[in-house]
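Engineer: Residue numbers (the working numbering): 8 to 404.
Starting off with a structure, shown below.
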Amino acid sequence: MNDYELETLLNELESEQVERKASISDRSKIRRALCAFANDLANHQQVGVIFIGVKDNGQCANLEITDKLLLTLSDMRANGHILPFPTMSVQKRRLGNCELAVIIVEPSDAPPVRYEGRVWVRVGPSVALATPEDERRLAEKRRYKDLPYNIQTLVSTSLNDLNLALFEQSYLPAALPPDILAQNQRSIEQQLAAMRFISLQPAIHPTVLGLLVFGKAPQQILPGSYIQFLRIDGTELGDSIKDHQEFTGPLSIILNGLDELLPIQISMSSDLTSHPVEKKQPDYPLVALQQLTRNAVLHRTYEASHAPVRITWFNDRIEIHNPGGPFGQVNRKNFGQPGITDYRNPHLAEAMKNLGYVQRFGFGIPLARQALEKNGNPPPEFYLEESSVLVIIRRAL
């Protein structure tokens, strides 16, 4: 938006399109406003604008707009509080004689958008918790063309292909606050649709996301949605095989199985000379392996390849092969940098966050680097191709 358009909005009373904040002291209110603008309940199909640095009455708050403040606002997009990620920009602008931070929020293509499990909507000039009817309207206005592959409908499937007990007993308590669950009067079909696991129109069919997270046999329909593990007794693929496993089933079964396997494969060495007491050190830090393998599951392509995520464990290194190259704003130059991230499967990212496999978006690779350095391993090596990413982790020196 140009300065004239922004000044026009700034000088108007707060409406369904405009929010003013004197500072960022109450960040939860800013996040609620982000969520509400992204949901666009009234279906204006226009951006929502949050002005930071101006009082409710329109007077300039004389807030210093620093790089740190802008970074804090930008981080609200992908820090895991608002899911799925809103499309937004953060800018430093001078409007009139007032220096402001301006957040421009695009309406979501796949509402409802939630802030910490709750759906917030714009009602006139205020932000309010969505009613069940509001949520139904948001689900109905969801656009079905040009959606990410992970929430496209699989018309060859039915509700019988989903493990509904897993959804009710495992996912719902993790994804929604207890008070929201207690008030829930909707049918299980409506709950699944609200979280993008099924579509209701023109008939009930699971989405790719629903099948990945709760499918009874997802690999029958999405053949590459599993992890292949190979332990080699040597340094070449032609050497003898010590262990071979395949992790199949829904997302939680796959990742829990991998979490059980990785600690068993890690070897411990003892140092009796350089320390007054015996010190044991793993050849690989578990947290680094978890971050990099989960990253591969999250960022792989489920549409363009039937190859699995492959983990090949040699005597001197581990190779993690992900069938899915860099995506969106991520490229060869900025790959792995803190805060630089984009999501081929944004709603799968939401599901992994709700299930506890992701703590903070955009920090998996930096955490892995940190853990490897602390343990004495060389930095991870990344080999990026258009359709794949290979990560090599070397054994601790």
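Yeah, the Cβ is synthetic: ideal placement off N, Cα and C, and Gly gets one too.
Source: prediction; values computed, not measured.
Take R38 as the anchor and find which of T94, L216, Q52 has the nearest alpha-carbon.
Structural biologist: T94
Engineer: Provide the residue(s) that pair with Y390 in DSSP beta bridges, ordered along the chain.
Structural biologist: L397
Engineer: Is D290 buried or exposed, if buried means 16 or more other CB atoms sit within 10 Å of its CB?
Structural biologist: buried
Engineer: In whole angstroms, what separates the C-alpha of E123 from that of L299?
Structural biologist: 25 Å
Engineer: Quick check on this structure: which residue in S206, A189, L199, Q227 has the alpha carbon closest to the alpha carbon of F174?
Structural biologist: Of the candidates S206, A189, L199, Q227, the residue whose Cα lies closest to the Cα of F174 is L199.
Engineer: Compare the Cα-Cα distances from V120 to each of L102, K223, A85, F389 and report the closest residue.
Structural biologist: The candidate whose alpha carbon is nearest that of V120 is A85.
Engineer: With a Cβ-Cβ cutoff of 7 Å, do V396 and N329 count as a contact?
Structural biologist: V396 is a Cβ neighbour of N329, given a cutoff of 7 Å.
Engineer: With 16 as the cutoff for other CB atoms within 10 Å, does T164 come out buried or exposed?
Structural biologist: Burial call: buried.
Engineer: Which complete beta strand (DSSP E) runs does the stretch 36 to 66 hold, if anything under 3 residues is left out?
Structural biologist: 55 to 59
Engineer: According to DSSP, simplified to helix, strand and coil, what is L270?
Structural biologist: The sequence given here places Pro at residue 270; Leu does not occur at that position. Taken through DSSP and simplified to helix, strand or coil, P270 comes out as helix.
Engineer: Work out the CA separation of R125 and Q192 for me, nearest whole Å.
Structural biologist: 15 Å
Engineer: Mark K28 as exposed unless 16 or more other C-beta atoms lie within 10 angstroms of its C-beta, in which case mark it buried.
Structural biologist: buried
Engineer: From this set, C67, L41, A137, which residue's C-alpha is nearest V97's C-alpha?
Structural biologist: L41
Engineer: Consult DSSP for V97 and reduce its assignment to one of helix, strand or coil.
Structural biologist: strand
Engineer: From the DSSP secondary-structure annotation, give me the bridge partner or partners of F174.
Structural biologist: F174 is not bridged to any residue.
Engineer: Can you check which of these residues, R324, G131, K381, G60, is closest to N50 by C-alpha distance?
Structural biologist: G131
Engineer: Just the Cα atoms here: how many angstroms apart are S133 and P209?
Structural biologist: 34 Å
Engineer: Does the beta carbon of A358 sit closer than 7 Å to a beta carbon anywhere in chain C?
Structural biologist: Protein chains in the displayed structure number just one, and chain C is not present.
Engineer: How would you write the range of the alpha helix (DSSP H) that T79 sits in, first residue to last?
Structural biologist: Unbroken alpha helix (DSSP H) run through T79: 74 to 82.
Engineer: Since A378 contacts P387 with CB under 8 Å, what's their CB separation in whole angstroms?
Structural biologist: Contact doesn't hold; Cβ gap of about 10 Å is too wide.
Engineer: Determine contact between the stretch 134 to 143 and the stretch 55 to 70, defined as no fewer than three beta-carbon pairs at a distance below 8 Å.
Structural biologist: With a cut-off of 8 Å, the stretch 55 to 70 and the stretch 134 to 143 do not count as touching, because too few Cβ pairs lie within range.
Engineer: Just to confirm my understanding: we take E310, look at its own chain, exclude 5 residues before and 5 after, and list those with CB closer than 7 Å. What are they?
Structural biologist: Counting only Cβ-Cβ distances below 7 Å, and skipping sequence neighbours, we find Y156.
Engineer: Less than 7 Å between the C-beta atoms of R203 and I261, yes or no?
Structural biologist: No, Cβ-Cβ distance for R203 and I261 is not below 7 Å.
Engineer: Which residue from I400, V215, D240 puts its Cα closest to that of S308?
Structural biologist: Note that residue 308 corresponds to Thr in the displayed sequence, not to Ser. Residue V215 is the option with its Cα nearest to T308.
Engineer: For P213, write down the residues that DSSP places opposite it in a beta bridge.
Structural biologist: Looking at the DSSP output, P213 bridges to I205.
Engineer: Would DSSP call S22 helix, strand or coil?
Structural biologist: strand
Engineer: Would you grab the beta carbon distance between R351 and F334 for me? Rounded to a whole angstrom, and I think it's under 8 Å.
Structural biologist: Right, the Cβ-Cβ distance comes to about 4 Å (below 8 Å), so this counts as a contact.
Engineer: Once the 5 residues before and after R317 are set aside, which same chain residues still bring their CB inside 6 Å of it?
Structural biologist: These residues qualify, in order along the chain: Q235, H328.
Engineer: Run through DSSP, which three-state label would H251 get?
Structural biologist: Residue state, collapsed to three classes: strand.
Engineer: Please classify K360: is it buried, with 16 or more other beta-carbons within 10 angstroms of its beta-carbon, or exposed?
Structural biologist: buried
Engineer: Going by the CB atoms, is the gap between A358 and V220 shorter than 7 Å?
Structural biologist: yes
Engineer: How is V304 classed by DSSP in three states: helix, strand or coil?
Structural biologist: helix
Engineer: Of the residues R324, S394, Q336, which one's Cα is nearest the Cα of R401?
Structural biologist: Residue R324 is the option with its Cα nearest to R401.
Engineer: Starting from G222, follow its DSSP beta bridges and name the residues at the other end.
Structural biologist: L169
Engineer: By the three-class DSSP mapping on this structure, what secondary structure does A311 have?
Structural biologist: coil
Engineer: Does the distance from the C-beta atom of L78 to that of L13 stay below 7 Å?
Structural biologist: Note that the C-beta distance between L78 and L13 is not below 7 Å.
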